[in-house]
Amino acid sequence: MAKIIPLFSGSKGNSYFIGCGSKGILIDAGRSAKQLCEALSHYNINPDCLEAILITHEHIDHIKGLRVFASNCHVPVYMSYGTSEQLALDGHLKGVYTEYLRKDNDVYSSFNTESFNIQPFKTSHDTPESTCYRITDKSGRITALATDLGYISDTVKENLLGSDAVILESNHDVGMLRNGPYPYLLKRRILSDTGHLSNDDCSEILPQLVKGGTTRFLLAHLSRENNYPDLAYHCAAAKLQEHGMICDKDYMLSIAPEDYNGTIIYM
Ligand SMILES: [Zn+2]
Ligand SMILES: [Zn+2]
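With my numbering applied, the sequence shown covers 429 to 695.
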């Protein structure tokens, strides 16, 4: 059986486990190695089962535990060359077995681990080369993740469409952000095309994804200051309802918790 487990999500750190049978993949390693091991062990997952760690970009909430965790469990870590350059500068890749994502005519090539096929795709964020991933497991189940993106580009949309499960950023409520305590420049950054995806922008694409066959959504990377889990949930459910799509009948909707809390999405 395939499953998705959100271990950590949000600005304090991000990490998601995608499992198929006894094997798995980790996307991002944004908490300390100790916390990552504790989270995996909570679900009886041995880090030895990991075939790869996929890194989306170099922001600390995505790589905090990477060096220690990856060098201890000898898992290959995949990332774009642009991301690796930034991480290497800060010494985050010492002792880490790093594989660079390959590109052909500016399009990332897919690659295989033993149990998964992985298609990286480009996202728009305030980093030189952020990417997200579409993962197909051996049984043919497809999970796509898109977090830390200012908007949903055609490339992102193409990679989300047709996935069985989508992990999508629902970072902030625009009203809360505009009226909240963040400094002007930070607000402008988050709202920009290279910032983070709002609840509204996230919700907008969901009906199209359901029509394309997606049945499971995990809303992720919620802002603690500018969002509430209930608000993100209701924004998404309301948009789907407008299109006559019913929760737990046409789709399942979950929120990725800041810290693992037992949430598992089975496929
Ligand atoms: Zn982030
Ligand atoms: Zn980021």
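Cβ coordinates follow ideal geometry from the N, Cα and C atoms, glycine included. This one's a predicted model, so the numbers in the text were calculated from it and none came from an experiment.
Counting the other Cβ atoms within 10 Å of the Cβ of Pro-548 gives 16 or more, which makes it buried. In the three-state scheme derived from DSSP, where H, G and I count as helix and E and B as strand, Gly-510 is classed as helix. In the structure shown, Ile-546 adopts extended strand secondary structure according to DSSP, grouped into three states.
Just so you know, the alpha carbons of Leu-646 and Ala-593 end up roughly 8 Å apart. A straight-line Cα-Cα distance of about 25 Å links Val-505 and Leu-650. Considering only Cys-448, Ser-437, Ser-443 and Ala-665, the residue with the shortest C-alpha distance to Thr-541 is Cys-448. Taking 3 residues as the shortest admissible run, the segment 610–669 contains the following complete beta strand (DSSP E) segments, listed from N- to C-terminal end: 644–648. DSSP places Leu-529 in the coil class of the three-state scheme, outside both helix and strand. With a cutoff of 8 Å, Ser-558 counts as near ligand 2, since its C-beta is closer than that to a heavy atom of the ligand.
Boundaries of the beta strand (DSSP E) around Gly-447: 443–448. Secondary structure of Thr-551 (DSSP, three-state): coil.
Scanning Lys-677, Glu-686 and Asp-456 for the CA closest to the CA of Tyr-561 turns up Asp-456.
The beta carbon of His-520 is closer than 7 Å to those of Ile-491, Leu-494 and Arg-495 in its chain, skipping five residues each way along the sequence. By DSSP's assignment, Met-680 forms a beta bridge with Arg-644. DSSP lists no bridge partner for Lys-522.
Put simply, of Glu-632, His-487 and Ala-498 the residue whose alpha carbon is nearest the alpha carbon of Gly-510 is His-487. Ala-665 and Asn-472 have their C-alpha atoms spaced approximately 32 Å apart. Across the set Phe-497, Ser-537, Arg-644 and Leu-681, the C-alpha of Leu-681 shows the shortest separation from the C-alpha of Tyr-661. Within the segment 430–505, complete alpha helix (DSSP H) segments of at least 4 residues are found at 461–470, 488–491 and 494–501, given in chain order.
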